[in-house]
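Down below is the structure, laid out as structure tokens.
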Amino acid sequence: MKASAVILVLLILSIKCNGQFNLHFIGVEKEILKEIQAIEIAKDSISALREVNRVETDLYSKGYLIANTDSIHWSPNSANIYLNVGETFHWASIKKGNVADIALIKSGYRSRILDQKKINAKSIAKLHYALLSYYENNGYPFASSKLTHINYEDALSLSAELKIDKGPIKRIDSIIVIGTAKISKIYLSNYIGIKQGSVYNQSKLSEIDSKLNELSFVKVSRSAQISFTKKYTKLYLFLDHVNSSQFNGILGILPDNVSGKVTITGDAKIVLKNAFTKGEQISLNWRKLQSLTQDLDISINYPFMFQGPLGVDGKLKVYKRDTSYIELQQRLGLQYLLSGGNYLMVFFDNYSSSLLDASKYASSSVLPPFADVKFKQYGIAIKQSKLDYLINPRKGIKFDFTGSAGNKIINKNPELNEVLYDDVTLNSFQLKFESTLSYFLAIGKQSTVLLKVRSGQIINKQVFFNELFRLGGLRTLRGFDEESINASLFGIATFEYRFLLERNSNLYLFGDYAYYERNVLNAHFSDRPIGFGAGIRFQTKPGIFSINYALGSQQGNPVLLKSAKIHFGFVNYF
């Protein structure tokens, strides 16, 4: 752009970027505009300016290396862009001109390399695009790039200098929420990664809507907008409140292959989200898994403490396995929060598992598969998620990893013969890992495929039954009784096709394939179970209902229809 760029910036600074603009490119043939896919409507003035820069860059890639914007005439809802296109050239010798070395380096170039060789038209376009992206992400939304001091070497090539017109540096002076959402601005600015006073960053602004769509307690009613004035730059977020705290109930009907009776399982969960407008979450989950087996989980997560990127995560778990043992787990974690709700966490685990009735092993001549065990473990956890919609995603990826290490202590049970512990190492070092990777691949407009891999491993020469991973059921390996499979090492691959009926409703078909090993003391066992089935989730006024029907096969046994596992679920948001 020429000297009119200064006037252009002043004009844009007086316009609030919240109205659509019809774009009219003048001086370029329609065939060329069609080829470079120039848009006719921009959502706001900054988008219009970015489209002008993109059109110029695409013209460079077609060989129009001297193309430039002569002027832009603005009206309240349209913009006439006058372009000089010029002749086509294939090659150019480029000097860096007034471009900062750091900008060239971040764009993948060095001035020394530019001075030494000619580059083709597409490389010049790529350089222009990279430079504009650098400045847009470092405080200069009105930056423009062009070639100056042009000398025509021959019919196919020229020499020139780069020139960047940065325009004024802009900082986000305030974040304004419009709508019914009740949410702390401290939480919001930390979550989207844009704080008051930070320099304009186009890449972060472009991700705002997708990040906010991952929050279950707000709804994006309109795309985020920027308002520029000569003095201030304001970020407007259009957010409405969404009922996201939930009561979740699951009823399982599981036939018993041995007795022929039906076992009823229950899973009740209450989750309070953003109740205090800080983005916090409080969860309580009670489960009845098998006869006389119960599980209670309580967790609290509080993000962005002290107006910084640190959050606190706490967990209490009590698990009682029939009359065999009871375990208690206490966890305290410190999270380093990344944008979009992702985090890195370090934590301390205090875990114990104790026999409930050891008298039945009093006369045993071998050590029972259960033991009184204590752990003090330190670990790390990672969460990375980028989904287009948290409740019913169509595309995106999610990764969770937990790894811990620490000292394991085996306590001698006074009701057992002390001789049984002679060959047991009472103090040992133990490692434990668990990870889940989920990938949603969009197919068409209403379908998605979920590809998921979940794995875990316990590394120790002396692993007891009550330390193992518990698999099976709706959450892990469908088609099997809840937590009926115990493993020291496992991997589960899932393929699931979903047809999206509505925003919160879908039909699905699935298949789960697993491999696991169970190494308890000197006993080794492995198997490759498979599960498959179908289900539906559908939105109603009271909440989301779900029905899941699953069949499974393990240890080479045939699939039996009478062994089908049926789960009914209901989620009420309040």
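Using this note's numbering, you'd call the opening residue of the sequence shown number 2 and step up by one each time. Glycine included, each C-beta is placed from N, C-alpha and C at the ideal position.
Check whether residue i and residue j have beta carbons under 9 Å apart
i, j, result
"PHE465", "PHE371", "yes"
"SER146", "GLU57", "yes"
"ASN351", "ARG322", "no"
"LYS409", "GLN431", "yes"
"SER493", "TYR509", "The sequence shown places Ile at residue 493, rather than the Ser named in the question. In this structure, TYR509 does not lie closer than 9 Å to ILE493 by Cβ."
"ALA68", "HIS25", "no"
"LYS183", "ASN138", "no"
"LEU522", "GLN463", "yes"
"ASN191", "PRO304", "yes"
"GLY532", "PHE481", "yes"
"GLY457", "LEU490", "yes"
"TYR550", "GLY536", "yes"
"ILE82", "ILE47", "no"
"SER366", "LYS399", "no"
When the options are compared against residue i, the one with the closest alpha-carbon
i, options, result
"LYS274", "VAL219, LEU501 and GLY544", "VAL219"
"TYR470", "VAL454, TYR517 and LEU502", "First, the residue type needs correcting, since residue 470 is Phe and not Tyr in the sequence shown. The candidate whose alpha carbon is nearest that of PHE470 is TYR517."
"LEU84", "HIS91, ARG55 and ASN78", "ARG55"
"LEU159", "ILE283, LYS118, GLY309 and GLU32", "LYS118"
"PHE172", "ASN558, ILE195 and SER300", "Note on identity: in this sequence residue 172 is Arg, with Phe being the wrong assignment. When each option's Cα is compared against that of ARG172, the closest is ILE195."
"PHE277", "LEU293, ASN302, LEU255 and ARG288", "ASN302"
"GLY315", "ALA359, ILE106, MET346 and ARG395", "MET346"
"SER124", "VAL86, GLY536 and GLY64", "GLY64"
"HIS568", "PHE90, PHE434, GLY267 and ALA524", "GLY267"
"ASP174", "TYR233, SER300, SER439 and ASN286", "TYR233"
"ASN286", "ASN249, GLY140 and GLY253", "ASN249"
"LEU50", "LEU66, PRO142, GLU32 and ARG519", "PRO142"
Local conformation of residue i per DSSP, three classes
i, result
"SER207", "helix"
"ALA6", "Below a pLDDT of 50, predicted positions are generally treated as unreliable, and ALA6, at 42, falls in that range; the measurement from the model is reported next regardless. Here ALA6 sits in helix by DSSP."
"LEU34", "helix"
"LEU252", "strand"
"GLU137", "helix"
"ILE125", "helix"
"LEU356", "strand"
"PHE182", "Checking the sequence, you will find Ala at residue 182 rather than Phe. ALA182: coil per DSSP, three-state reduction."
"ASP389", "coil"
"ARG51", "helix"
"ASN467", "helix"
"GLU503", "strand"
"LYS17", "Here the model assigns LYS17 a pLDDT of 48, short of 50, so the residue's position is not dependable, and the following value carries that caveat. DSSP places LYS17 in strand when its eight states are reduced to three."
"LEU11", "With a pLDDT of only 40 at LEU11, under 50, the local geometry of the prediction cannot be trusted, and the value read off the model is given with reservation. In the structure shown, LEU11 sits in a helix (DSSP, three-state: H, G or I)."
"ASN275", "coil"
"LYS566", "strand"
"ASP102", "helix"
"ALA1", "The chain is shown from 2 up to 575; residue 1 falls before or after that span and cannot be answered."
"ALA131", "helix"
"LEU417", "coil"
"VAL425", "coil"
"ASP59", "helix"
"LYS433", "strand"
Beta-carbon proximity list for residue i, same chain, < 6 Å, skipping 5 on both sides
i, result
"GLN247", "VAL272, VAL572 and TYR574"
"ARG529", "TYR516"
"SER5", "With a pLDDT of 41 at SER5, under the threshold of 50, the modelled position of that residue is not reliable, and the figure given next carries that caveat. Here the set comprises SER72."
"THR437", "ASP401 and ARG455"
"VAL178", "LEU238 and LEU240"
Neighbourhood of residue i by C-beta distance below 7 Å, restricted to the same chain and skipping five residues each side
i, result
"VAL100", "LEU132, LEU163 and ILE165"
9 Å Cβ cutoff, residue i in contact with chain B
i, result
"GLU154", "Among the chains of the structure shown, chain B does not appear; only one protein chain is present."
Nonlocal neighbours in the same chain, by C-beta distance under 8 Å from residue i, ignoring five residues either side
i, result
"SER292", "THR264 and ASP323"
- Message: Pairs of beta-carbons, one from the stretch 228–248 and one from the stretch 150–158, closer than 8 Å: are there three or more?
- Response: Not touching, per the Cβ criterion.
- Message: Under 8 Å, with one C-beta from each stretch per pair, do the stretch 337–357 and the stretch 309–321 reach the 3-pair mark?
- Response: Flag = yes, the stretch 337–357 and the stretch 309–321 touch.
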